[in-house]
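Student:
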Ligand code: GAR
């Protein structure tokens, strides 16, 4: 990857993970260039966070397009103006078409609020509480065509506390996300972690399991 790695952050909402990237770049903790913040939702508060940080923003509403493929094509055209080396999905609540994933093959990261492969999909915190799990957390992974199924890079886990609510658990998991996502992305940006042959490689060695941190 070129240095600094030109990075596009895709959001749909609040953008607290985006803020963690902005802070990490400003504090010199990670060597990424935040080239553009893209949203499918014009109301996303993350767009204001980006503007505050003088990062270019772009917004295209999916509801203006007849299908996923035409929307994704428009997003590609917009993002490619910035020639991104890396795409960070940070609460981007759209399923990506195969054409989009293959256009940026190996360059898209996502964060999912669960210890994948456990709990792909939505409502992860409540599902963890309902199951009575001891551990919960979040996973940074490369994006492939399989939803929440691409090779995992880094997981942050925490012990579920007795009697905590789904909202309390969600807040604690988000705090973990803010630590692990910029770090994992910087590994990819520096080339220390790479996507090859559909798998994740760390320092040139196949990573069978993600790196696991306990908080
Ligand atoms: C994050 O917790 C992220 O894990 C989740 O959306 C939240 C966005 O928060 N993503 C998914 O559920 C994707 N399947 P943010 O807008 O404050 O960063």
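Numbering (the numbering used here), first residue to last: -17 to 197. Cβ atoms here follow ideal geometry from the backbone N, Cα and C, with glycine treated the same way.
With DSSP as the reference, identify every bridge partner of residue 182, one or two as the case may be.
Tutor: For this step, residue 182 is matched to residue 200 along the chain shown. In the DSSP output, where bridge partners are listed per residue, residue 182 has 177.
Student: On the DSSP letters alone, give me the boundaries of the alpha helix (DSSP H) that residue 4 sits inside.
Tutor: Stepping through the chain shown from its first residue, residue 4 is reached at position 22. Unbroken alpha helix (DSSP H) run through residue 4: -2 to 8.
Student: Closest to residue -3 by C-alpha separation, out of 129, 166, 70 and 137, would be which residue?
Tutor: For the purposes of this step, residue -3 is taken as the residue at position 15 of the chain shown. When only C-alpha atoms are compared, the closest one is 70.
Student: Please report the residue range of the beta strand (DSSP E) in which residue 194 lies.
Tutor: Numbered from 1 along the chain shown, position 212 holds the residue referred to as residue 194. It spans 193 to 196 - the beta strand (DSSP E) in which residue 194 sits, taken as one unbroken run.
Student: Using the C-alpha atoms, what's the distance from residue 63 back to residue 181?
Tutor: In the chain shown, the residue the question calls residue 181 occupies position 199. In the chain shown, the residue the question calls residue 63 occupies position 81. Approximately 28 Å between the Cα atoms of the pair.
Student: Ignore the nearest five residues each way along the sequence and tell me which others in residue 72's own chain have a CB closer than 6 Å to its CB.
Tutor: For the purposes of this step, residue 72 is identified with residue 90 of the chain shown, where counting begins at 1. Only -9, -7, -1 and 0 meet the Cβ criterion.
Student: What first and last residue would you give for the beta strand (DSSP E) that runs through residue 85?
Tutor: Working through the chain shown from its first residue, we reach residue 85 at position 103. Run containing residue 85: none in the beta strand (DSSP E); it sits in the alpha helix (DSSP H), 80 to 85.
Student: Here's the rule: buried if 16 or more other CB atoms are within 10 angstroms of the residue's CB, otherwise exposed. What is residue 22?
Tutor: One-based indexing of the chain shown puts residue 22 at position 40. It is buried - the Cβ of residue 22 has at least 16 other Cβ atoms within 10 Å.
Student: Taking C-alpha atoms, which residue in 109, 111 and 100 lies nearest to residue 121?
Tutor: The residue you call residue 121 lines up with position 139 of the chain shown. The option with the nearest alpha carbon to residue 121 is 100.
Student: Thinking C-beta only, is residue 89 closer than 8 Å to residue 61?
Tutor: Within the chain shown, numbered from 1, the residue matching residue 61 stands at position 79. Within the chain shown, numbered from 1, the residue matching residue 89 stands at position 107. Result no, Cβ atoms of residue 61 and residue 89 do not sit closer than 8 Å.
Student: Are there any heavy atoms of the ligand GAR lying less than 7 Å away from the beta-carbon of residue 21, as far as the coordinates show?
Tutor: Stepping through the chain shown from its first residue, residue 21 is reached at position 39. Checking every heavy atom of the ligand GAR against the Cβ of residue 21, none is found closer than 7 Å.
Student: Look up residue 60 in the DSSP assignment and say whether it is helix, strand or coil.
Tutor: Here residue 60 is taken as the residue at index 78 of the chain shown, counted from 1. Here residue 60 sits in helix by DSSP.
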